[in-house]
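S.K.: Quick one: this structure, given as structure tokens, is what I'll be asking you about.
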Amino acid sequence: MELEHGAKVWMDGTLVDYGAAQVHILAHTLHYGVGVFEGIRAYPTPGGPAIFRLEEH
Numbered sequence: 004m005e006l007e008h009g010a011k012v013w014m015d016g017t018l019v020d021y022g023a024a025q026v027h028i029l030a031h032t033l034h035y036g037v038g039v040f041e042g043i044r045a046y047p048t049p050g051g052p053a054i055f056r057l058e059e060h
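Residue numbers (the numbering used here): 4 to 60.
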């Protein structure tokens with residue numbers, strides 16, 4: 004995907020120029036992808052698993 008000149012990206016809670024967006028080479032997310040997934044809790048119940056606030060996710 005090619006971005007047009009002057010494109011902005013969301014990084015650390017603010018919009019920054021595409022060319023200025025940098026991630027540290029030792030960032031955990033870069034190596035393991037943990038920032039890609041959102042955690043959704045599920046709890047065991049007598050009627051089977053109950054997913055916590057699924058609609059809000």
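All residues carry an ideal CB built from backbone N, CA and C; glycine is no exception.
Alanine 24 by DSSP, collapsed to three states: which one?
M.R.: Within the sequence shown, numbered from 1, the residue matching residue 24 stands at position 21. Residue state, collapsed to three classes: coil.
S.K.: Taking 9 Å as the cut-off, decide whether the C-beta atoms of aspartate 20 and alanine 10 are in contact.
M.R.: By one-based count along the sequence shown, residue 20 stands at place 17. By one-based count along the sequence shown, residue 10 stands at place 7. Yes, Cβ-Cβ distance for aspartate 20 and alanine 10 is below 9 Å.
S.K.: If I measure Cβ to Cβ from valine 26 and keep anything under 7 Å in the same chain, skipping five residues before and after, which residues do I get?
M.R.: By 1-based counting over the sequence shown, the position of residue 26 is 23. Counting only Cβ-Cβ distances below 7 Å, and skipping sequence neighbours, we find Leu33.
S.K.: Under DSSP, the alpha helix (DSSP H) around leucine 33 begins and ends at which residues?
M.R.: Residue 33 sits at position 30 when you count from the first residue of the sequence shown. 31-35 is the span of the alpha helix (DSSP H), which, as asked, contains leucine 33.
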